[in-house]
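Novice: The structure under discussion is supplied below as structure tokens; questions concerning it will follow.
Chains as they are written, first to last, in the numbering used here: chain A, 1 to 215; chain B, 1001 to 1339.
What follows is the structure in structure tokens.
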């Protein structure tokens, strides 16, 4: 019984990271995904901010779920999310003003990130505080991973550097398109293609394996 | 069709077969491109040949890599991948690093064709998708032009051609503006005879107006392309530039110059007429061509780039499904709305 419970916790965490990855599988939160991933640092900052907001609001929504009236639940979630976004906004502005300036309007826009609201509505408001936090941690890590993957690919090709450190020497020819908006769409599309391919291949192998066992 | 006994012919339907196959159409287009390609090699030498080879290799290898093994033979032999690579190569500057041409070919086939579902499914012209990608990705290399030479300097290779993958070499300084660039930024005319022969700087296959027209005429004669598309593009460009020319002869190029310079001819005859990405209805073809002509003139005169044929064709490609939908011919015997 205890073992079953632990597996549940693990499953809730891993589903956000891989199986139900908010970006590569659910295709949610595309706005920050495409807008601020032109460098790995920006992607990490955005991912970190979203991480904090998601985990904190999932915790609060799940704790308060029995006091929130059903009729006004969405607006309540938004207020809770907005509170944490404001905290993040001011914190970033105080600690890393340059990155804050580059992220610009996209920090306040975390309020409108449908992935965060979706987790509150679909998970945090129906599960225990512990599970809600685990789920939020998984989803937020998945989002952070996706942002970082996109940001690093774009920075490596677009500027020949990672975290501002040049990788290929002075003669590298930068792929200008990669730091422009079309590069975001292209890279995201190709990453989606890759993850779907991996998934399909895995499913096919699993099916073959099951077939082999049956016969 | 011969049988032993001419009175008894046993054969299953279809009895009437059309001669046109994918492979046949592709071969016709290749044949039509041959004169312009040879002219490109004449003027740009070994560099041109290597860039063409790299972009063709890029497309063919991508097609081979992403096609299931059982379909490879058929897909590679229909010649469409080769044609896409050649068309892309003809629209690249001769001093382009070879690895960029290779990537362009791969993007043309990968993002321009296969990702949509293969031959006949793509919304945009594959070769132009590759070129648009290259222009947005490597704007410096894609707008560095070298002057046209002759057969004497066939073996004079540009140093920039041989840049290592992902690297660039300092450009060797011998660069020349295209006629359109000269016109746009320095108001300097190029003589029409040079534009016709192709003794000018530009993309490998776009310089020789006469040979491109020759190939176009061959395709029209073989009926591989719809005559309405090139006709409407050339007519609308000529009409619009005449208006501008009459308003300000010192600032705007005349209609003949506008038609012969840049990639308008190769675009009008070989790119816009791609049967997959252009409208199928006759009225639609006129709208499509006039739209391209309009956009070309607008981009050339008011845009930031001296040349706009590529963007004009890609934009009208995007409008093709809509054009096809609104120009459906009336069904015979039904009401005016086609219902």
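Glycine included, each C-beta is placed from N, C-alpha and C at the ideal position.
Return the residues of the segment 169-183 of chain A that lie within a Cβ-Cβ distance of less than 9 Å from chain B, sorted by chain order.
Specialist: 169, 171, 172, 173, 174, 175, 176, 177, 178, 180, 182 and 183
Novice: On the three-state DSSP scale, how would you describe residue 161 of chain A?
Specialist: Strand.
Novice: Checking 8 Å against the spacing of the C-beta atoms, do residue 77 of chain A and residue 120 of chain A come in under that value?
Specialist: yes
Novice: With 16 as the cutoff for other CB atoms within 10 Å, does residue 10 of chain A come out buried or exposed?
Specialist: exposed
Novice: Is it right to say residue 171 of chain A is buried, meaning 16 or more other beta carbons lie within 10 angstroms of its own, or is it exposed?
Specialist: exposed
Novice: For residue 1261 of chain B, which of B/1012, B/1152, B/1330 and B/1194 has the nearest alpha-carbon?
Specialist: B/1194
Novice: Hey, would you say residue 1258 of chain B sits closer than 8 Å to residue 1241 of chain B, going by beta carbons?
Specialist: yes
Novice: Can you confirm whether residue 1137 of chain B, when its beta carbon is compared against all beta carbons of chain A, has any partner nearer than 8 Å?
Specialist: yes
Novice: Taking the alpha helix (DSSP H) that residue 1058 of chain B falls in, what are its first and last residues?
Specialist: Note, residue 1058 of chain B: alpha helix (DSSP H), 1022-1066.
Novice: What residues are listed by DSSP as bridge partners for residue 1167 of chain B?
Specialist: A/172
Novice: Roughly how many angstroms lie between the CA atoms of residue 165 of chain A and residue 1152 of chain B, to the nearest whole one?
Specialist: Rounded to whole angstroms, the separation of the alpha carbons of residue 1152 of chain B and residue 165 of chain A is 46 Å.
Novice: Should residue 1108 of chain B and residue 1077 of chain B be called a contact, given that it needs their Cβ atoms to be closer than 8 Å?
Specialist: Contact: no.
Novice: Would you say residue 1 of chain A faces chain B, with C-beta separation under 8 Å as the test?
Specialist: Note that residue 1 of chain A scores 41 on pLDDT, short of 50, meaning its location in the model is unreliable and no value can be drawn from it.
Novice: Quick one: is residue 154 of chain A buried, meaning 16 or more other Cβ sit within 10 Å of its Cβ, or exposed?
Specialist: By the 10 Å Cβ count, residue 154 of chain A comes out buried.
Novice: Give the straight-line distance between the Cα atoms of residue 134 of chain A and residue 141 of chain A, rounded to the nearest whole angstrom.
Specialist: 11 Å
Novice: State the DSSP-derived secondary structure class of residue 32 of chain A, mapped to helix, strand or coil.
Specialist: Residue state, collapsed to three classes: helix.
Novice: So residue 1168 of chain B contacts chain A; which residues on that side make the cut at Cβ distance below 7 Å?
Specialist: Within 7 Å Cβ-Cβ: 171 and 173.
Novice: Grab me the residues of residue 175 of chain A's own chain with a C-beta within less than 8 Å of its C-beta, minus the 5 sequence neighbours each way, in chain order.
Specialist: 157, 158 and 183
Novice: Please name the residue in B/1288, B/1047 and B/1192 whose C-alpha comes closest to that of residue 1236 of chain B.
Specialist: B/1288
Novice: Are the C-beta of residue 1133 of chain B and some C-beta of chain A separated by less than 8 Å?
Specialist: yes
Novice: Specify the secondary structure class of residue 973 of chain B as computed by DSSP and reduced to three states.
Specialist: Residue coverage of chain B in this structure runs from 1001 to 1339, which leaves residue 973 of chain B outside it and unanswerable.
Novice: Looking at the structure shown, is residue 1339 of chain B part of a helix, part of a strand, or coil, going by DSSP?
Specialist: Caution applies to residue 1339 of chain B, whose pLDDT of 47 falls short of 50 and renders its modelled position unreliable; the value that the coordinates give is listed next. Of the three classes helix, strand and coil, the one that applies to residue 1339 of chain B here is coil, per DSSP.
Novice: Put residue 166 of chain A into one of helix, strand or coil per three-state DSSP.
Specialist: strand
Novice: If you drop the 5 nearest sequence neighbours on each side, which residues of the same chain put their C-beta closer than 6 Å to that of residue 1222 of chain B?
Specialist: Contacts found: 1028.
Novice: Measuring CB to CB, does residue 81 of chain A end up less than 8 Å from residue 53 of chain A?
Specialist: It is a contact, given that the beta carbons lie within the stated cut-off.
Novice: Report the CB separation of residue 1298 of chain B from residue 1209 of chain B in whole angstroms; it is logged as a contact under 8 Å.
Specialist: Their Cβ separation, rounded to whole angstroms, is 22 Å, which puts residue 1298 of chain B and residue 1209 of chain B out of contact at 8 Å.
Novice: Just to confirm my understanding: we take residue 1312 of chain B, look at its own chain, exclude 5 residues before and 5 after, and list those with CB closer than 7 Å. What are they?
Specialist: 1292, 1295, 1296 and 1299
Novice: Ordered along the chain, which non-local residues of its own chain (more than five positions away) have a Cβ less than 6 Å from that of residue 124 of chain A?
Specialist: 58, 61, 62 and 132
Novice: What are the boundary residues of the alpha helix (DSSP H) that includes residue 1114 of chain B?
Specialist: Here residue 1114 of chain B belongs to no alpha helix (DSSP H), and DSSP marks it neither H nor E.
Novice: Going by beta carbon distance, what residues of the same chain come within less than 7 Å of residue 13 of chain A, once the five residues before and after it are set aside?
Specialist: 134, 137 and 138
Novice: Can you give me the Cβ contacts of residue 1124 of chain B inside the same chain, cut-off strictly under 8 Å, excluding the 5 residues immediately before and after it?
Specialist: 1112, 1277, 1314, 1317 and 1318.
Novice: Quick check: the segment 1033-1052 of chain B against the segment 1083-1097 of chain B, are there 3 or more CB pairs under 8 Å?
Specialist: yes
Novice: If the criterion is Cβ atoms closer than 8 Å, does the pair residue 1032 of chain B and residue 1215 of chain B meet it?
Specialist: With contacts defined as CB atoms closer than 8 Å, residue 1032 of chain B and residue 1215 of chain B qualify as a contacting pair.
Novice: How about residue 111 of chain A and residue 85 of chain A: do their beta carbons lie closer than 8 Å?
Specialist: yes
Novice: Below 6 Å CB to CB, which residues in the same chain sit around residue 1269 of chain B once its five sequence neighbours on both sides are set aside?
Specialist: 1216 and 1230
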